[in-house]
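Read through the structure below, which is laid out as structure tokens, and then see the notes.
In the working numbering, the protein residues as written are 998 to 1920.
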């Protein structure tokens, strides 16, 4: 942890220089008292720290918050660098890491799976990481740029040390390291003196720009490198472009009134500009590199023809056909940029040219260059920049990432009801029974006439929703069919929820033909099953949908693909961690079985879309293990999953770490598809899980939904009020504006529990469930033998069942990141003493039951005994994270007492970001 110490020392020097000795001493004093509180549960330290914080002005509290927030950001950079350093050292020693392409290939080869089968599997696969917005994570670009500069300087520091090992003069080495440290100091000064927060409320446009920064630094370059790794492992085979990026930002309207048709237009315009500017820069660089003279090398006729079409008639390039061709390509890309986005290329092209009709035409020109090089001893030249550019063009097109559309089913129902009422087809669609709705919607899908009446006065809701569908049609025409492919229906509860979206597609020109004849839909209708009951009903709803006349033919003609999204967040909020995971597992098995039945007649490709968040309570945790823990036979080369919150920054800010994380998705998908045994878990395991689930859900709901006053406790003891009232994010914290737990969005629910370090959604209920399953209390000697057998059954499940082992591993991580002592500080914010003591005592007791059960099943006395890297990370970073919690509690107290001036609000906002950064998967 040398880098952590170095960055911490430099930060301290910057604080002393910029804010004075008094500020530096204060920060150290707060840190030492927080460490004493953590290490010794020192009551005197607790009182001293409280008194100190209460005595400080708002400005001094903000200074303390900034200091520890910046330390968290710097510690993250140092840890990332250490991870890269360790991985490189292991790879050089011949030790491949689990989840890498190399380890995956070794495992596949060991299973007797050859290159041809791998290439064939990839050709039929679809893997996608889908970025979604997070209200507290969107950092200013200035902060992100400074962090990236520091990461680069840390990498250069490793290079300097490596030269020293090679025999560089000690004095020279010391000077280079000192110079590097001085550059680091400069970037830390930049961080300290740059405003952390935006001056105005976060907008959807801010979220879009934040997401695009990860494409610019990571995805556009690292995804082609990922494909290159696969090509090296299976040479002489075509590797299909099966991995693509997805995006919710700009298309996700569920609970966000700020997303409109104009937002969707802006999102895709900015995405196209990002992709095209990358291509322009790469083509410009290629023009400098491919300087071969036709007097010295031969070229293909196709290349000569491409060069002849170029507007570049400079005498200096008369004998340089590759450069001439690239000048023409550049000019056409510049014209495409202007046509699609209104932006202009820099540098300007030599002359105007017609734009490309699509990314495939651009890719065709690049192929001409590649084929000419390959056939005239220039293949090596193509590998450096041209082949990565070709892969990027194939993967990202002119749209960059597929934007998903999402809206809640009740909004679709309201729009369809209005269309029907205005058209005098049915006056009360909302009041119809489900079978009547289905019959009516099927008739509409088989009727060529539109429902909309010209010049009719529709509500804002109807106009806004229809505008989205119409904009989607235009965006697909403009940027290609990959630009928008999925329409996700939140809160899917009935078959009519699916049919309503098909009717709206038909109204807006996205569904062609008649259902009974030749209907074809441009957008895949994706149900999202979120609550526990929805998950239990998922297979039944899909069976009912596909049983309708004409539906299976429609899906077949539309591509024979069916995405189904599974909601981790809401199911956890509904039933607790164990039941959520268990019902997701059962739903996947039921859905896979259903689509296997369909395959006997006309196969339809099932693709499960996992709506995972950052926290374990929202489906977070290591992706590689999570994918391999899916039920056997449910992956089949098809996987979409959301990446959200500070997890995006943690995984993808550093390009090298970003590529490694992308590799794990590919590796796990292939291993789950080709190696995973298709045998289901033993019936005894399934029965035990069902029993654990029932007891766990009972305990969870007894606390969250049945304990009088629990809502008041939650709103008092977590920063949920501040998240909602300070407008942190582009969407409301509650779907309805109420303070009912049922109406609260799952993101702020889980995020708030992480902020107060209870992480309750990630573990609550498991201890009680195990206690109920084992069934023997300490004084129940007669049942002791049965209890021992049940404990052993749980241990066997942990050893042999990936689902159970992964779930317990995530519980282990969550408990390690929780802290009852810190949580008790937040509990003090609850005004009702009796309520506070009653609820906190229940939470504390369940925490201990869960920790004890986990240790007894796994055999590990200490948390993270099997993850020493994370254990070390926590031990190093939490002493610097704890002060943020203590200061946040003080700031929240002031805010709630009406002393919440602008400085206090700023401090709360910074503390929320700092704690999220320190925990790294709290969103």
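We put the beta carbon where it would ideally sit given N, CA and C, even for glycine. On a predicted model such as this, the values are computed, not experimentally measured, just so you know.
Taking all protein chains in view, the Cβ of residue 1737 is surrounded by fewer than 16 other Cβ atoms within 10 Å, so the residue is classified as exposed. Here residue 1596 is exposed, its C-beta having fewer than 16 other C-beta atoms within 10 Å.
Inclusion of residue 1907 and residue 1063 in the CB contact set at 9 Å is warranted, their separation being smaller than that value.
Between residue 1602 and residue 1445, the alpha-carbon positions lie close to 29 Å from each other.
In the three-state reduction of the DSSP assignment, residue 1510 falls in the coil class, being assigned neither a helical nor a strand state. In the three-state reduction of the DSSP assignment, residue 1361 falls in the helix class, which pools H, G and I. Listed as beta-bridge partners of residue 1524 by DSSP are 1486.
If you draw a 10 Å sphere on the C-beta of residue 1387, you find 16 or more other C-beta atoms in it, and that means buried. For residue 1560, the uninterrupted beta strand (DSSP E) segment begins and ends at 1558 to 1564. When the five nearest sequence neighbours on each side are left out, the beta carbons in the same chain lying within less than 6 Å of the beta carbon of residue 1418 are those of 1424, in order along the chain.
In this structure, residue 1450 and residue 1484 do not form a Cβ contact; the two beta carbons are roughly 24 Å apart against a cut-off of 8 Å. Annotation for residue 1242: the continuous beta strand (DSSP E) segment containing it runs 1240 to 1244.
For residue 1636, the enclosing beta strand (DSSP E) starts and ends at 1635 to 1641. Scanning its chain for C-beta atoms nearer than 6 Å, with the 5 sequence neighbours on each side dropped, one finds around residue 1260 the residues 1201 and 1247, in chain order. Taking the Cα positions, residue 1854 is about 12 Å away from residue 1763.
The stretch 1814 to 1826 makes contact with the stretch 1881 to 1892: 3 or more CB pairs, one atom from each, lie closer than 8 Å. Residue nearest to residue 1362 within the set 1331, 1317, 1303 and 1355 is 1303 (criterion: CA-CA distance). In this structure, the straight-line span from the alpha carbon of residue 1068 to that of residue 1760 is close to 28 Å. The C-beta distance from residue 1639 to residue 1127 rounds to 5 Å, short enough to fall under 8 Å.
A residue is called buried when at least 16 other Cβ atoms come within 10 angstroms of its Cβ; residue 1213 does not meet this threshold and is exposed. DSSP lists 1403 as the bridge partner or partners of residue 1249. Assignment of residue 1068 by DSSP, reduced to helix, strand and coil, places it in the helix class. By the Cβ rule, the stretch 1455 to 1466 does not count as touching the stretch 1379 to 1393, because fewer than three pairs are nearer than 8 Å.
Taken through DSSP and simplified to helix, strand or coil, residue 1395 comes out as coil. Here residue 1129 is bridged, per DSSP, to 1641.
In summary, residue 1657 is buried, with 16 or more beta-carbon neighbours lying within 10 Å of its beta-carbon over all protein chains present.
The criterion of a C-beta distance shorter than 9 Å is satisfied by residue 1555 and residue 1519. Check the Cα spacing between residue 1569 and each of 1647, 1742, 1048 and 1585: the tightest is with 1742.
Within the same chain, 1338 and 1340 come within 6 Å of residue 1270 by CB-CB distance, once the 5 residues on both sides are set aside. In this structure residue 1409 is buried. Its beta-carbon is surrounded by 16 or more other beta-carbon atoms within 10 angstroms. The DSSP-derived three-state label of residue 1030 is helix. The C-beta distance from residue 1327 to residue 1277 rounds to 6 Å, short enough to fall under 8 Å.
Residue environment for residue 1169: exposed (fewer than 16 other C-beta atoms within 10 angstroms of its C-beta). Between the alpha carbons of residue 1335 and residue 1398 lies a gap of roughly 19 Å.
Under the rule that a run must span 3 or more residues, the beta strand (DSSP E) segments found entirely inside the stretch 1164 to 1249 read 1240 to 1244.
In the DSSP assignment, residue 1442 falls within the alpha helix (DSSP H) that extends over 1431 to 1442.
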